[in-house]
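Trainee:
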Amino acid sequence: METQQSFLEKIRAEGNLKDLKEARHAAEVVYRTMRDVMSNEAVEHVDQELDANAPDVAENLWTDTNPLVLFLSQIRPKLDIKPENFLVRLRQEANLPGADAETIIKAVFSATKDQLSSERIEEVAGYLPGEINDFWREA
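Per this note's numbering, the very first residue in the sequence shown carries number 12; after that it's consecutive.
#1: In this structure, does DSSP put Leu-139 in helix, strand or coil?
#2: Taking 7 Å as the cut-off, decide whether the C-beta atoms of Asp-75 and Leu-83 are in contact.
#3: For the candidate residues Arg-131, Ser-17, Ala-69, Leu-98, whose alpha-carbon lies nearest to that of Ala-38?
#4: Measuring straight from C-alpha to C-alpha, what distance separates Glu-55 and Ala-34?
#5: What is the C-beta distance between Val-57 and Arg-131, in whole angstroms, given that I count them as a contact (C-beta under 8 Å)?
#6: May I have the straight-line CA-CA distance separating Leu-127 from Pro-108, to the nearest angstrom?
#7: On the premise that Lys-93 lies in contact with Pro-140, defined as a C-beta separation below 8 Å, what is that separation, rounded to the nearest angstrom?
#8: Quick check on Gly-63: buried or exposed, where buried means 16 or more other Cβ atoms within 10 Å of its Cβ?
This is the structure:
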């Protein structure tokens, strides 16, 4: 059974990050941006599947720890985020100087897809914009 440490280690290694703290932070930012482009129903589907398939591995990272952000995300509609804005958000919010945003996103996507069913993988793909969707499918 995979642990959160091994999950983060995969992100660290594939994302060329310094340590598990950077991997965790990158995953949280990628997940926050993913949730922003997905419907509340789809977010809940992913949450339930991660909780059932990988409790305490990715599920704890998927759920936003900021209560205000969590509340607001549940009452507002999904956002229309362009692929370049997805990348900018990771660069700005994760604050990982010298790290390649595309590589990090692909690493988070790869580790996440290992925890999801093919049905859920396809559902998520339906929400991701353009080039970000390509990253998801390639991961």
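Each residue gets a CB set at the ideal place from its N, CA and C atoms; glycine is no exception.
Mentor: Answer, in terms of the structure:
#1: coil
#2: no
#3: Ala-69
#4: 23 Å
#5: 6 Å
#6: 30 Å
#7: 6 Å
#8: According to the sequence displayed, residue 63 carries Ala and not Gly. So Ala-63 ends up on the exposed side.
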